[in-house]
Amino acid sequence: MPFDYPYIPLGALHSSGMRYTRFRLTLGHVLAGISVVVNILFVVVVCLILFLPPSVEGYVALNGFQHLTGLAPQPDQHAIVTVLYTDGYLTAVLTLGYSLRASNITILGEISQTSLCLAKAIGWTPHPVSYIAPPHKYIEDHFRHQYTKLNIWTLDKLGISSLVYLDADTLVLRNFEELFLLPFTLAAVPDVFKKAGFVIGINANVLFLYPKSTIFDDMISKLSIARYPSTYAEQAFINLYFGAQTTRLPYIYNANLAIKLRSPLLWKAIEEDIRIIHYTTYKPFPSSTTGAHMGGIWKEEVEVWERHFLEMRKDLGKYSTQCSDF
């Protein structure tokens with residue numbers, strides 16, 4: 004015979020029941036293993052959906068607006084914009100304003116008149132806007148004001164043709180007026196996260212844009228029907244809405260502290276050219292300015308903010324009596 008395998012009668016598999024039992028037990032183990040794997044994959048997918056930063060992989064164009072503009076507007080049509088939702092961010096807004104002035108760059112409801120007075124004294128021009136409620140039912144409390152930021156697209160009504168938006172937890176280190184020469188509808192820096200690292204989606208805390216009320220109206224009309232991770236509030240919506248139209252800027256225009264954590268060498272390479280520093284993972288406001296967070300990795304950056312804060316407070320002293328009358 005060409006093959007010398009021992010012959011096993013077909014009925015032998017069932018005669019003693021032993022092999023059949025072994026097969027049944029093995030199949031049970033396999034099915035149990037598959038069940039465990041499926042459950043693990045389900046948990047992983049849910050975690051990815053809930054906690055990963057917004058992605059453009061499922062990109063669907065939400066608007067048909069041209070992403071290129073004509074010639075840059077005249078200097079008197081530029082603006083630098085921030086938001087002040089509550090008195091709690093007054094110190095940050097004042098320090099940011101002082102840093103802008105030092106770099107030679109020329110909302111009502113929950114904000115007191117004293118805060119508005121101080122903001123004007125440091126160089127800001129208050130402009131009241133309407134509150135935009137989050138379109139999702141469940142959202143973290145500190146994100147409940149974030150959609151109001153979308154009002155910056157309505158500032159064309161004030162004669163503003165282009166603007167740079169800065170969140171209150173940023174600080175200006177160098178002049179960035181070259182941004183006003185950009186021909187793009189929206190430009191921003193790619194985001195960086197402590198865990199997820201460098202991603203393609205933009206960070207919406209520093210934006211260059213050409214405001215248009217028609218764009219704002221279109222955004223609002225699609226805010227509740229657009230599909231994006233609500234965890235990242237208006238930033239996720241902006242990433243989805245502008246999608247492929249957004250121009251990516253170098254990290255020097257939004258130097259996220261997470262960069263230094265993820266890649267100290269990259270931070271070192273851009274350090275001398277940083278225009279705007281963004282205090283993301285650590286807020287150096289007076290209640291927490293120890294510089295010891297994360298082993299002191301951001302000690303130098305915290306000291307820079309503290310220096311601007313102390314200089315601002317000294318400079319603002321002459322307005323204290325005037326603004327305390329409210």
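Numbering (this note's numbering), first residue to last: 4 to 329.
Glycine included, each C-beta is placed from N, C-alpha and C at the ideal position.
As the structure is a computational prediction, the values presented were derived from the model and not from experiment.
Next item on the list: Using alpha carbons as the reference points, say which of 168, 192 and 161 lies closest to residue 205.
Entry: If you number the sequence shown from 1, residue 205 lands on position 202. Among 168, 192 and 161, the Cα nearest to that of residue 205 belongs to 192.
Check: Excluding five sequence neighbours on each side, which residues of the same chain lie with their C-beta closer than 7 Å to the C-beta of residue 121?
Finding: To locate residue 121, count along the sequence shown from 1; it is residue 118. These residues qualify, in order along the chain: 93, 97, 319, 322 and 326.
Item checked: When 163, 213, 208 and 197 are compared against residue 186, the one with the closest alpha-carbon -> On the sequence shown, residue 186 is found 183 positions in, with the first residue counted as 1. Among 163, 213, 208 and 197, the Cα nearest to that of residue 186 belongs to 213.
Notebook entry, point to check: Taking the alpha-carbon positions, what's the residue 188 to residue 150 distance?
Noted result: Taking the first residue of the sequence shown as position 1, residue 188 is located at position 185. Taking the first residue of the sequence shown as position 1, residue 150 is located at position 147. When rounded, the distance between both Cα atoms is 19 Å.
Item checked: Residue nearest to residue 148 in terms of C-alpha spacing, selected from 266, 237 and 249 -> The residue you call residue 148 lines up with position 145 of the sequence shown. Nearest option by C-alpha distance: 237.
Notebook entry, point to check: What whole-angstrom Cβ distance do residue 260 and residue 284 have, given they're in contact under 8 Å?
Noted result: In the sequence shown, counting from the first residue as 1, residue 260 sits at position 257. In the sequence shown, counting from the first residue as 1, residue 284 sits at position 281. About 5 Å; that satisfies the 8 Å criterion.
Next item on the list: For residue 154, I'd like the list of residues in its chain whose CB is within less than 8 Å of its CB, leaving aside the five on either flank, ordered along the chain.
Entry: In the sequence shown, counting from the first residue as 1, residue 154 sits at position 151. Closer than 8 Å at the Cβ level, and outside the excluded window around residue 154, lie 132, 133, 135 and 219.
Notebook entry, point to check: Can you give the Cα-Cα distance for residue 157 and residue 38, rounded to whole angstroms?
Noted result: Here residue 157 refers to the residue found at position 154 of the sequence shown. Here residue 38 refers to the residue found at position 35 of the sequence shown. The alpha-carbon atoms of residue 157 and residue 38 are separated by roughly 53 Å.
Notebook entry, point to check: Of all the options 244, 266, 247 and 241, which has the alpha carbon lying nearest to the alpha carbon of residue 199?
Noted result: On the sequence shown, residue 199 is found 196 positions in, with the first residue counted as 1. Out of 244, 266, 247 and 241, 266 has the C-alpha closest to the C-alpha of residue 199.
Next item on the list: Starting from residue 194, follow the alpha helix (DSSP H) in both directions and report where the run begins and ends.
Entry: Taking the first residue of the sequence shown as position 1, residue 194 is located at position 191. From DSSP, residue 194 is part of no alpha helix (DSSP H) but of the beta strand (DSSP E) over 189–196.
Margin query: Could you compute how far the alpha carbon of residue 252 sits from the alpha carbon of residue 209?
Written below: Translated into the one-based positions of the sequence shown, residue 252 becomes position 249. Translated into the one-based positions of the sequence shown, residue 209 becomes position 206. Approximately 10 Å, taken between the alpha carbons.
Item checked: Contacting residues, own chain, Cβ-Cβ under 8 Å from residue 137 (five flanking each side not counted) -> Counted from its first residue, the sequence shown places residue 137 at position 134. Correct list, in chain order: 146, 147, 149, 150, 233 and 236.
Notebook entry, point to check: Is the distance from the Cβ of residue 103 to the Cβ of residue 307 below 8 Å?
Noted result: For the purposes of this step, residue 103 is taken as residue 100 along the sequence shown, with counting starting at 1. For the purposes of this step, residue 307 is taken as residue 304 along the sequence shown, with counting starting at 1. Result no, Cβ atoms of residue 103 and residue 307 do not sit closer than 8 Å.
Item checked: Endpoints, beta strand (DSSP E) assigned at residue 168 -> For the purposes of this step, residue 168 is taken as the residue at position 165 of the sequence shown. Here the beta strand (DSSP E) through residue 168 covers 165–169.
Next item on the list: Could you spell out where the beta strand (DSSP E) holding residue 202 opens and where it closes?
Entry: In the sequence shown, counting from the first residue as 1, residue 202 sits at position 199. Residue 202 -> beta strand (DSSP E) spans 200–212.
Margin query: Helix, strand or coil for residue 11? Go by DSSP, reduced to three states.
Written below: As a first step, residue 11 is located in the sequence shown; it is residue number 8 there, counting from the start. Its pLDDT being 44, under 50, residue 11 is placed unreliably by the model, and the measurement read from it follows with that caveat. In the structure shown, residue 11 sits in coil (DSSP, three-state: anything other than H, G, I, E or B).
Item checked: 6 Å Cβ shell around residue 170 - same chain, five flanking residues per side excluded -> Here residue 170 is taken as the residue at index 167 of the sequence shown, counted from 1. Closer than 6 Å at Cβ, skipping near neighbours: 208.
Checklist line | First and last residue of the uninterrupted beta strand (DSSP E) at residue 281 | finding: Walking along the sequence shown from the start, residue 281 turns up at place 278. Its beta strand (DSSP E) spans residues 279–281.
Next item on the list: Give the C-beta separation of residue 176 and residue 300 to the nearest angstrom, bearing in mind that I take them to be a contact with Cβ-Cβ under 8 Å.
Entry: In the sequence shown, residue 176 corresponds to position 173, counting from 1. In the sequence shown, residue 300 corresponds to position 297, counting from 1. The Cβ separation is near 18 Å, so there is no contact.
Notebook entry, point to check: Going along the chain, which residues of its own chain have a beta-carbon closer than 7 Å to the beta-carbon of residue 286, five neighbours each way excluded?
Noted result: Numbered from 1 along the sequence shown, position 283 holds the residue referred to as residue 286. Correct list, in chain order: 172.
Checklist line | Beta bridge counterpart(s) of residue 247 as assigned by DSSP | finding: Counting from 1 along the sequence shown, the entry for residue 247 is found at position 244. For residue 247, which the question treats as bridged, DSSP gives no partner whatsoever.
Check: residue 259 bridges to which residues according to DSSP?
Finding: By 1-based counting over the sequence shown, the position of residue 259 is 256. For residue 259, which the question treats as bridged, DSSP gives the partners 281.
Check: What's the call for residue 165, buried or exposed, on a 16-neighbour Cβ count within 10 Å?
Finding: On the sequence shown, residue 165 is found 162 positions in, with the first residue counted as 1. Label assigned to residue 165: buried.
Check: To the nearest angstrom, how far is it from the Cα of residue 194 to the Cα of residue 249?
Finding: Along the sequence shown, one-based indexing puts residue 194 at 191. Along the sequence shown, one-based indexing puts residue 249 at 246. So the two alpha carbons sit approximately 13 Å from each other.
Checklist line | 8 Å contact criterion, which residue 243 and residue 211 should meet: CB distance rounded | finding: The residue given as residue 243 occupies position 240 in the sequence shown. The residue given as residue 211 occupies position 208 in the sequence shown. So it is not a contact: roughly 19 Å between Cβ atoms.
Next item on the list: Please go through the same chain and pick out, in chain order, the residues whose beta-carbon is closer than 7 Å to the beta-carbon of residue 129, but skip the five residues on each side of it.
Entry: As a position in the sequence shown, residue 129 is number 126, starting the count at 1. Excluding positions up to five away in sequence, the list reads 119, 122 and 123.
Check: Hey, residue 262 and residue 269 are a contact pair by Cβ (cut 8 Å); roughly how many whole angstroms apart?
Finding: Reading the sequence shown from its first residue, position 259 is the one you call residue 262. Reading the sequence shown from its first residue, position 266 is the one you call residue 269. Rounded, the Cβ-Cβ distance is 6 Å, consistent with contact.
Checklist line | Same chain, Cβ closer than 6 Å to residue 82, five either side skipped, listed in chain order | finding: As a position in the sequence shown, residue 82 is number 79, starting the count at 1. The answer, listed in chain order, is 163 and 166.
Check: Since residue 305 and residue 168 are thought to touch, with beta carbons under 8 Å apart, how far apart are those beta carbons, to the nearest angstrom?
Finding: Translated into positions along the sequence shown, residue 305 becomes position 302. Translated into positions along the sequence shown, residue 168 becomes position 165. With 8 Å as the limit, residue 305 and residue 168 do not qualify as a contact, their Cβ atoms being about 24 Å apart.
Note to self: According to DSSP, simplified to helix, strand and coil, what is residue 307?
What the structure shows: Position 304 of the sequence shown, counting from 1, holds the residue named residue 307. The answer is helix: DSSP assigns residue 307 an H, G or I state.
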